[in-house]
Amino acid sequence: MDPVAEVKRATKGKRFAAALVDLLLIPLVAGIVLGLLFVAVKADEAVRMIIMVAFNVAWLIIRDAVGSPGRAMVGIRLQKTDGTPVGVGTALARNIHLMIPLVLLLGYLVEFIALLATGERLADRWAHTIVVEK
Numbered sequence: 016m017d018p019v020a021e022v023k024r025a026t027k028g029k030r031f032a033a034a035l036v037d038l039l040l041i042p043l044v045a046g047i048v049l050g051l052l053f054v055a056v057k058a059d060e061a062v063r064m065i066i067m068v069a070f071n072v073a074w075l076i077i078r079d080a081v082g083s084p085g086r087a088m089v090g091i092r093l094q095k096t097d098g099t100p101v102g103v104g105t106a107l108a109r110n111i112h113l114m115i116p117l118v119l120l121l122g123y124l125v126e127f128i129a130l131l132a133t134g135e136r137l138a139d140r141w142a143h144t145i146v147v148e149k
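Counted the way my numbering counts, the sequence shown spans residues 16 to 149.
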């Protein structure tokens, strides 16, 4: 039996609300906090860029492999299409296009449009993941 057929897919609205928290609110707040920290310690520009990229990569992996506050708030969760939990490798594959500094803005825009249009991120297809109701 197909594990995907046995679960209730998360709605577009819930996925969009979770994305607003996880991909806009949390990075915005973290960016402000890190920015203030950089000013306080007078961090070099190269160091700031490395830290910001590292934070982005870590956040995207943690939110998919461990859990996301946005998804928890709206009662949905990410899993592989076979019903198993998402690990670090799948989280990396699912978000690789959002981790590349020169590509990430376009990647976020494309993913938001795909989410609104289809209820799925493009990355769900290539990473074989699905967001379902808890």
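Using N, Cα and C, we set each Cβ at its ideal position, and we do this for glycine too.
In this model, T96 and R24 are separated by some 11 angstroms (Cα to Cα). Judged by beta-carbon spacing, R63 lies within the 8 angstroms limit of F53, meaning their Cβ atoms are closer than that value. Here I76 is not near A34, since their CB atoms are 8 angstroms or more apart.
Around the beta-carbon of W74, 16 or more other beta-carbon atoms lie within 10 Å, marking it buried.
The residue from V36, L120 and V125 with its alpha-carbon nearest to that of L137 is V125. When only Cα atoms are considered, I66 and T133 end up about 34 angstroms apart. The continuous stretches of alpha helix (DSSP H) do not include K95, which lies in the beta strand (DSSP E) extending over residues I91 to K95. Assigned with DSSP and collapsed to three states, T144 falls in strand. No residue range can be given for M114, since it is assigned to no alpha helix (DSSP H) and is classified by DSSP as neither H nor E. I91 is positioned such that its CB atom lies closer than 8 angstroms to that of V146. Closest in C-alpha terms to T99, from the list H143, E135, A58 and A32, comes H143. Of the residues assessed, D59 falls on the exposed side of the cut-off, its CB having fewer than 16 other CB atoms within 10 angstroms. Counting only the Cα atoms, L121 lies some 24 angstroms from P84. Counting the other Cβ atoms within 10 Å of the Cβ of K29 gives 16 or more, which makes it buried.
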